[in-house]
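To start, the structure under review is shown below, and the notes come after it.
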Amino acid sequence: MEACVSVNGVVTRPEDARVPALDRGFLYGDSVYEVLWWHRGAPIQLEEHLERLERSAERMYLDLGASRAHWRSVISETVAASGAGADEDVYVRLVVTRGVGALGLSMEPAPTPTVVVVVAPARRPAPGYALALAIVARERVGRRALDPAAKTGNYMNNALALHEAKLAGADDAVLLNAEGFVTEASTANVYLVERGALVTPALDAGLLEGTTRRRLLGLARELGVDVHETAVRPERLRGADEVFVSSSVRGVVPASRVDQRVFEAPLPGPVTSRLREAFEQRADEEARARRAAQAPSS
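Residue numbering for the sequence shown is 495 to 792, as defined by the numbering used here.
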């Protein structure tokens, strides 16, 4: 497959894609977006992603101007244009900006949204990969400032945190809120395992409700794993039996360390391993079901 980009329905190579200089998404990060995993010829958790896109747009006073059927079609057409094979894992990013408007912060009058779809080969971690996490000093933006529950194009808070984690020799950052509780990683939800139970920060800590997070919590309960959504102090994360993160394309990724606390091999730990296996299996089942539903009847 070849990476490609669709801008308002015009598909080109990434280096040829153009967004106007006065687009509010470019000028102000005034956009909402979703990243999803296209696996074995089908989008994984597509409806959950589109539902969250709508919620994000509502929080941003952004009229998407299109139905879910339109988004499904735009995504499918762009993936098809990339030439992705049925056995390839694909990264899909759907971005909707407020569009081209007059200079200035005012959202009125509302311009026509700009729609961008980016399709590229998915870079999924190798089975033996584990990442080092650093709890950074930079706080997560508060819910009353720019609600992290909305997936917007304004990502400097996350980008700076990630950069500072890398300066500290880690692979990803863990951000705390103003009260000192764990929220999330730069682009992933965070989990810990204590005595066989799964613990993850509650949504009211100020974090994005990941589609993978929602699925993993359901899978954990199906597997008989106790699940606790609660306030998590950083020392609790460092003292856990297992730590992992999750996101749509990467799936479940174990942590090799948090700050100076090193997790001993083998990695992933037993609970993380069970959840990762269950997540991958559910994705395979969903892909098969979607392909079967789309197959022409004989």
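Quick reminder that beta carbons are idealized off the backbone N, C-alpha and C, glycines included.
Under the DSSP definition of a beta bridge, which residues are partnered with residue i?
{"i": "Val-756", "result": "Arg-751"}
{"i": "His-564", "result": "None; His-564 has no bridge partner."}
{"i": "Phe-520", "result": "Beta-bridge pairing links Phe-520 to no other residue."}
{"i": "His-722", "result": "Val-693"}
{"i": "Thr-608", "result": "Thr-591"}
{"i": "Val-746", "result": "Ser-740"}
{"i": "Ser-500", "result": "Val-505 and Val-611"}
{"i": "Pro-537", "result": "Trp-532"}
For residue i, collect the residues of the same chain with a Cβ closer than 6 Å to its Cβ; drop the 5 residues on either side in sequence, then sort them by chain order.
{"i": "Ala-497", "result": "Pro-508 and Ala-614"}
{"i": "Leu-530", "result": "Pro-537, His-543, Val-586 and Ser-742"}
{"i": "Ala-699", "result": "Asn-671, Phe-675 and Thr-677"}
{"i": "Ala-578", "result": "Met-495 and Val-584"}
{"i": "Ala-725", "result": "Phe-675"}
{"i": "Asn-648", "result": "Gly-523"}
Following the continuous beta strand (DSSP E) through residue i, name the residue where it begins and the one where it ends.
{"i": "Asp-666", "result": "666-670"}
{"i": "Leu-530", "result": "525-533"}
{"i": "Arg-587", "result": "584-591"}
{"i": "Glu-827", "result": "Examination of residue 827 is not possible in this model, given that the chain is present from 495 through 792 alone."}
{"i": "Ser-600", "result": "Ser-600 -> no beta strand (DSSP E), and no H or E assigned at all."}
Can the beta-carbon of residue i be found closer than 8 Å to that of residue j?
{"i": "Ser-500", "j": "Val-526", "result": "no"}
{"i": "Thr-694", "j": "Ser-742", "result": "no"}
{"i": "Val-586", "j": "Val-513", "result": "no"}
{"i": "Asp-666", "j": "Leu-656", "result": "yes"}
{"i": "Ile-569", "j": "Asp-753", "result": "no"}
{"i": "Leu-686", "j": "Ala-734", "result": "yes"}
{"i": "Gly-598", "j": "Asp-517", "result": "no"}
Residue i lies in the alpha helix (DSSP H); which residues open and close that run?
{"i": "Glu-779", "result": "764-788"}
{"i": "Glu-509", "result": "Neither: Glu-509 is in no alpha helix (DSSP H) and is coded neither H nor E."}
{"i": "Arg-617", "result": "Run containing Arg-617: none; DSSP gives neither H nor E here."}
{"i": "Leu-717", "result": "From DSSP, Leu-717 is part of no alpha helix (DSSP H); its letter is neither H nor E."}
{"i": "Leu-731", "result": "728-732"}
Within its chain, find whatever has a CB closer than 8 Å to the CB of residue i; leave out the 5 residues flanking it on each side and keep chain order.
{"i": "Ala-631", "result": "Glu-658"}
{"i": "Ala-624", "result": "Val-747, Pro-748, Ala-749, Ser-750, Phe-757, Leu-761 and Pro-762"}
{"i": "Arg-715", "result": "Val-721"}
{"i": "Val-719", "result": "Gly-690, Ala-691, Leu-692, Val-765, Arg-768 and Leu-769"}
Cutting at 7 Å between CB atoms, please list the residues of its own chain near residue i, excluding the five before and the five after it.
{"i": "Met-554", "result": "Val-526, Ala-644 and Thr-646"}
{"i": "His-533", "result": "Asp-583, Ala-777 and Ala-781"}
{"i": "Val-573", "result": "Trp-532, Val-584, Val-586 and Val-613"}
{"i": "Glu-688", "result": "Ala-734 and Asp-735"}
Start-end ranges of the beta strand (DSSP E) lying completely within the region 620-706, minimum 3 residues: 625-633, 666-670, 676-679, 683-688 and 691-695
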